Amino acid sequence: GRPYMLIVDMYGTSARSCGDSWNQRLAILAAIDKYRYAKSIDSEVAAEANTRISKYSASKPDQEEGFMRGVKSGQKVKCGCWIGESVTVSFK
C-alpha cells in the first residue's frame, strides 16, 4: 500500500497543473480511487488513506459542472494530464 500512497500523493500535488477546473477535479477523483485501493491491499495505510480521502472529497467536481458536460455520476471518463486513467465520476 505504501508505494500506492506515494504515487497518489503525486496525483494530488500535481492536480492543479492538469488543465481546467474539470480536469483538476478528475485528477482528484483518480487520487481518491487509488487511496481506496491502497487501503484495500494494506491495512497499515488505511487510517492515513481515509484522512486523505476525506480531505480530497471536498474537491470533487460539482454536479452542475458534470451536467453541463453531459457527464453523470457513475460514468467513466478519461483523466487527462500525466495520469491518463479512466475514473468513475462522483460529485460533491
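Last residue of the sequence shown: number 1561 in my numbering, and the count goes up by one each step with no gaps. Even glycine gets a Cβ: it sits at the ideal position worked out from N, Cα and C. What you are looking at is a predicted structure, and each value in this text was computed from that prediction instead of being measured.
Minimum C-alpha distance to residue i - residue among the options
i       : options                            : result
Gly1481 : Ala1518, Lys1541, Phe1560          : Ala1518
Tyr1473 : Ser1559, Lys1508, Ala1516          : Lys1508
Ser1542 : Gln1532, Trp1491, Met1479, Ala1496 : Gln1532
Arg1538 : Trp1491, Met1479, Ile1552, Ile1476 : Trp1491
Val1540 : Thr1520, Ser1559, Ala1527, Gly1549 : Ser1559
Gly1549 : Ala1527, Met1479, Phe1536, Asp1489 : Asp1489
Own chain residues within Cβ distance below 6 Å of residue i, not counting five before or after
i       : result
Ile1501 : Ile1522, Tyr1525
C-beta atoms of residue i and residue j nearer than 8 Å
i       : j       : result
Thr1557 : Lys1545 : yes
Lys1561 : Lys1529 : yes
Ala1516 : Ile1552 : no
Close beta carbons around residue i, own chain, < 7 Å, minus the five adjacent residues each side
i       : result
Gln1493 : Ala1484, Arg1485, Cys1487
Gly1470 : Ala1507, Lys1508, Ile1510, Asp1511, Glu1513, Val1514
Presumed contact (8 Å Cβ cut-off) between residue i and residue j, rounded CB distance
i       : j       : result
Ala1499 : Glu1534 : About 17 Å separates the two Cβ atoms, so there is no contact after all.
Near the ligand HEM: residue i beta-carbon under 7 Å from a heavy atom
i       : result
Ile1497 : No copy of the ligand HEM occurs in the structure displayed, which carries no ligand at all.
8 Å CB neighbourhood of residue i in its chain, flanking five on each side removed
i       : result
Arg1505 : Ala1518, Ile1522
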